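See structure below.
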Amino acid sequence: MLFDFDGVLAASTASAERAWSRWAVEYSISPEKVLEGLHGRRSTDTVSTFLPESQHEAGLARIEELERDDAPSIRAIPGAAELLTALPGNWAIVTSGTSKLLAARLAVLGFPAPPIVVTGGDVTAGKPAPDGYLRAAELLGYASSDCVVVEDAPPGVQAGRASGAAAVIGVGELALTTDADPVVRDLRGVSWTGTGLRVQAGAQLRSARPH
Numbered sequence: 000m001l002f003d004f005d006g007v008l009a010a011s012t013a014s015a016e017r018a019w020s021r022w023a024v025e026y027s028i029s030p031e032k033v034l035e036g037l038h039g040r041r042s043t044d045t046v047s048t049f050l051p052e053s054q055h056e057a058g059l060a061r062i063e064e065l066e067r068d069d070a071p072s073i074r075a076i077p078g079a080a081e082l083l084t085a086l087p088g089n090w091a092i093v094t095s096g097t098s099k100l101l102a103a104r105l106a107v108l109g110f111p112a113p114p115i116v117v118t119g120g121d122v123t124a125g126k127p128a129p130d131g132y133l134r135a136a137e138l139l140g141y142a143s144s145d146c147v148v149v150e151d152a153p154p155g156v157q158a159g160r161a162s163g164a165a166a167v168i169g170v171g172e173l174a175l176t177t178d179a180d181p182v183v184r185d186l187r188g189v190s191w192t193g194t195g196l197r198v199q200a201g202a203q204l205r206s207a208r209p210h
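Residue numbers (numbering that gives the first Met the number 0): 0 to 210.
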């Protein structure tokens, strides 16, 4: 299983939006414009959208600082810890965030240590490109077609589909805007049986993609 982190394992949306809104104000940019399309993208890609190259390094360092400072405010998505604890060592986290930000947020949540981590800095192209998921599958020793991707945001779902994953499970209402199939409210609806994955019908916001 290949998990996105923010919005899938961690309820960090409010934290990220606070940090980016503050960042936008500091750089005299409309917070609304920055937050539009923010989720699921690498920080470096968002910073490049709004700042010239001469300010990119400083802008990237500043948003990293703001997000790490706000890390203690995040909480685990319901069911995330239980699912990760039950899984054998065949799972990975694939995040658009940086390794330092991920480490800060993982320290708050106390999850089991992920066997494999692929961050935004580990790939040339971020989501919606499939690079992160392809790399995670390779590091785990699986074909991507044997993997299940768990995502919440449109760029991540697109990346999962482009990787050729066997399935892309959506988490949360934002995933209803994607073609993830199925979509669950949170990870209490997903469990490991010891031999396979089970998605509870009653926990699904959508059981089949619209055609």
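No residue lacks a Cβ here, since even glycine has one placed at the ideal position from N, Cα and C.
Owing to the predicted nature of the structure, the values given are computational and were not obtained by experimental measurement.
For residue i, the first and last residue of its enclosing alpha helix (DSSP H)
i: residue 61; result: 52-68
i: residue 30; result: 30-34
i: residue 42; result: 42-49
For residue j and residue i, the rounded distance between their alpha carbons
i: residue 202; j: residue 82; result: 15 Å
i: residue 105; j: residue 66; result: 13 Å
i: residue 44; j: residue 102; result: 20 Å
i: residue 183; j: residue 169; result: 6 Å
i: residue 97; j: residue 5; result: 12 Å
i: residue 116; j: residue 46; result: 23 Å
i: residue 136; j: residue 12; result: 26 Å
i: residue 186; j: residue 146; result: 17 Å
i: residue 78; j: residue 53; result: 43 Å
i: residue 121; j: residue 99; result: 13 Å
i: residue 62; j: residue 22; result: 6 Å
i: residue 110; j: residue 80; result: 6 Å
i: residue 2; j: residue 175; result: 17 Å
i: residue 24; j: residue 177; result: 30 Å
i: residue 172; j: residue 204; result: 8 Å
i: residue 57; j: residue 113; result: 30 Å
i: residue 140; j: residue 148; result: 15 Å
i: residue 157; j: residue 144; result: 15 Å
i: residue 209; j: residue 35; result: Any reading at residue 209 must be qualified, since the residue scores a pLDDT of 49, below 50, and its modelled position is unreliable; the value itself is stated next. Looking at the two C-alpha atoms, the distance is approximately 25 Å.
i: residue 60; j: residue 70; result: 15 Å
i: residue 27; j: residue 19; result: 12 Å
i: residue 73; j: residue 8; result: 10 Å
i: residue 17; j: residue 108; result: 19 Å
i: residue 153; j: residue 199; result: 23 Å
i: residue 188; j: residue 51; result: 44 Å
i: residue 30; j: residue 119; result: 23 Å
i: residue 48; j: residue 68; result: 23 Å
Bridge partners - residue i, DSSP secondary structure assignment
i: residue 3; result: For residue 3, which the question treats as bridged, DSSP gives no partner whatsoever.
i: residue 9; result: 5 and 75
i: residue 205; result: 182
Pick from the options that is closest to residue i, judged by C-alpha positions
i: residue 87; options: 52, 193 and 198; result: 193
i: residue 125; options: 0, 107 and 41; result: 41
i: residue 165; options: 53, 15, 3 and 180; result: 180
i: residue 133; options: 111, 92, 113 and 108; result: 92
i: residue 15; options: 118, 110, 158 and 64; result: 64
i: residue 129; options: 30, 139 and 155; result: 155
i: residue 131; options: 111, 110 and 162; result: 162
i: residue 75; options: 123, 191 and 10; result: 10
i: residue 123; options: 195, 95 and 138; result: 95
i: residue 84; options: 127, 191, 17 and 151; result: 191
i: residue 151; options: 138, 167 and 199; result: 167
Cutoff 8 Å: residue i Cβ touching any chain D Cβ
i: residue 79; result: Judged by its chain identifiers, the structure shown contains no chain D, having just a single protein chain.
Q.
Which complete alpha helix (DSSP H) runs does the stretch 131-202 hold, if anything under 4 residues is left out?
A. Scanning the stretch 131-202 from its first residue to its last, the whole alpha helix (DSSP H) runs of 4-plus residues come out as 153-161.
**Q.** Contained alpha helix (DSSP H) runs [length at least 4] in the stretch 85-137, N- to C-terminal order
**A.** Whole alpha helix (DSSP H) segments, 4+ residues: 98-108.
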